[in-house]
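In the working numbering, the protein residues as written are 33 to 352.
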């Protein structure tokens with residue numbers, strides 16, 4: 033007589049959760065054999081635990097054998113629910129840790145390289161607050177190009193991005209938090225360096241080579257750039273400045289960023305009508321990968337510190 037399958041009654045034990053974790057790892061690896069290294073267990077032990085989970089749930093989760101590994105329809109549903117459950121368990125642990133100031137998390141933040149000049153103070157204060165409150169948090173920070181930040185957040189290698197580059201994308205959550213002023217600069221040996229700005233205009237600029245960025249500019253300024261002679265590309269602000277310092281290219285960089293070289297007399301801003309613009313700066317993260325508690329706390333603190341740094345300046349800051 034065939035034994036009727038047990039029906040799952042909705043109560044999960046620690047052993048059930050452990051088996052669900054293994055199931056998620058098996059699916060991520062693509063099968064039992066491939067999961068051995070991930071789980072540090074042999075095939076027979078993994079197979080036995082998977083069978084126990086199926087018996088516990090009263091469901092066939094996957095087909096496995098010579099034909100390969102394949103989730104059943106029920107297996108797809110259980111896998112999706114397990115991923116969500118394990119994520120929520122992790123968030124609960126984070127919240128308990130935060131409540132007792134024992135938050136253990138790893139946060140990866142990628143930010144525009146120019147922000148080290150314009151927003152170093154609010155960024156460093158936010159990082160200091162996170163470090164002081166939660167000393168067990170591991171923080172990975174990389175200053176890089178806007179295009180790289182955009183790609184890193186989308187692919188999931190960065191939890192949080194702070195950048196000027198924001199292409200419309202339904203997969204991203206983007207919050208404008210501040211702005212940076214941009215201007216056209218030339219090196220000290222460039223023909224335009226000694227010229228009086230009053231004698232310069234757009235048509236004059238078109239005679240010289242420009243280095244361009246990959247940052248999406250405001251529509252009006254994009255039209256301004258469209259008629260210029262773009263002869264070089266540089267994804268980061270620092271690489272763009274090197275080309276400007278060569279005095280062979282004109283380029284657009286943040287005004288605050290350029291201050292160091294302006295004060296040395298190595299570059300100057302060229303003031304022509306329409307030659308300045310303002311880039312909005314965004315905090316971005318991937319919608320499909322909700323921020324962990326540590327990343328959410330850092331994001332909130334960055335917003336707070338930027339708000340405090342702009343009080344009295346007339347700059348509008350966002351609600352959280």
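Ideal placement from N, C-alpha and C gives every residue a C-beta, glycine not left out.
As the structure is a prediction and not an experimental result, all values here were calculated from the model.
With a contact defined as Cβ atoms closer than 8 Å, residue 83 and residue 95 miss out at about 13 Å. Straight-line measurement puts the Cα of residue 177 at about 9 Å from the Cα of residue 266.
Ranked by Cα distance from residue 268, the first of 53, 142 and 192 is 142. Per DSSP, residue 187 is not a residue of any beta strand (DSSP E); the alpha helix (DSSP H) it occupies stretches across 178 to 187. Of the candidates 283, 285 and 58, 58 places its Cα closest to the Cα of residue 80. Straight-line spacing of the CA atoms in residue 78 and residue 67 works out to 8 Å. Below 8 Å, enough C-beta pairs join the stretch 299 to 310 and the stretch 212 to 222 to call them touching: three or more.
Taking 8 Å as the cut-off, the beta carbon of residue 211 is found closer than this to the beta carbon of residue 312. Beta-bridge partners of residue 309 (DSSP): 214. The straight-line gap separating the alpha-carbon atoms of residue 320 and residue 203 is approximately 7 Å. Around the beta carbon of residue 258, a 10 Å sphere encloses fewer than 16 other beta carbons of the protein chains shown; the residue is thus reported as exposed.
Residue 158 is classed as buried because its beta carbon has at least 16 other beta carbons within 10 Å across all chains shown. Annotated three-state conformation of residue 107 is helix, per DSSP. Distance from the CA of residue 63 to the CA of residue 101, rounded to the nearest whole angstrom, comes to 5 Å. A distance of 8 Å or more separates the beta carbons of residue 294 and residue 272. Counting only the Cα atoms, residue 69 lies some 58 Å from residue 297. For residue 243, the enclosing beta strand (DSSP E) stretches over residues 241 to 244. At the C-beta level, residue 317 and residue 185 come within 8 Å of one another. For residue 274, there is no enclosing beta strand (DSSP E); the enclosing alpha helix (DSSP H) has its first and last residue at 269 to 277. The beta carbon of residue 233 is closer than 8 Å to those of 304 and 305 in its chain, skipping five residues each way along the sequence. Close CB contacts of residue 341 within its chain, under the 7 Å cut and outside five residues either way in sequence, are with 153 and 154 (chain order). With distances taken between CA atoms, residue 168 lies nearest to 137 out of 137, 161 and 180. By the Cβ-count criterion, residue 173 is exposed, with fewer than 16 other Cβ atoms from all chains shown falling within 10 Å of its own Cβ. Judged by DSSP secondary structure, residue 140 falls within the beta strand (DSSP E) whose first and last residues are 138 to 144. Here residue 193 is buried, its C-beta having at least 16 other C-beta atoms within 10 Å. Shown here for residue 277: same chain residues with a beta carbon closer than 8 Å to its own, the five before and five after excluded, namely 219, 293, 298 and 299 in chain order. Around the C-beta of residue 307, 16 or more other C-beta atoms lie within 10 Å, and the residue is accordingly described as buried.
Looking at the DSSP output, residue 175 bridges to 143.
In the DSSP assignment, residue 154 falls within the unbroken alpha helix (DSSP H) covering 152 to 165.
Straight through space, the alpha carbons of residue 264 and residue 279 are spaced by roughly 13 Å.
DSSP, read as helix, strand or coil, puts residue 75 in helix. In the same chain as residue 188, and ignoring 5 residues on each side of it, the C-beta atoms closer than 7 Å to its own belong to 318 and 321, in chain order.
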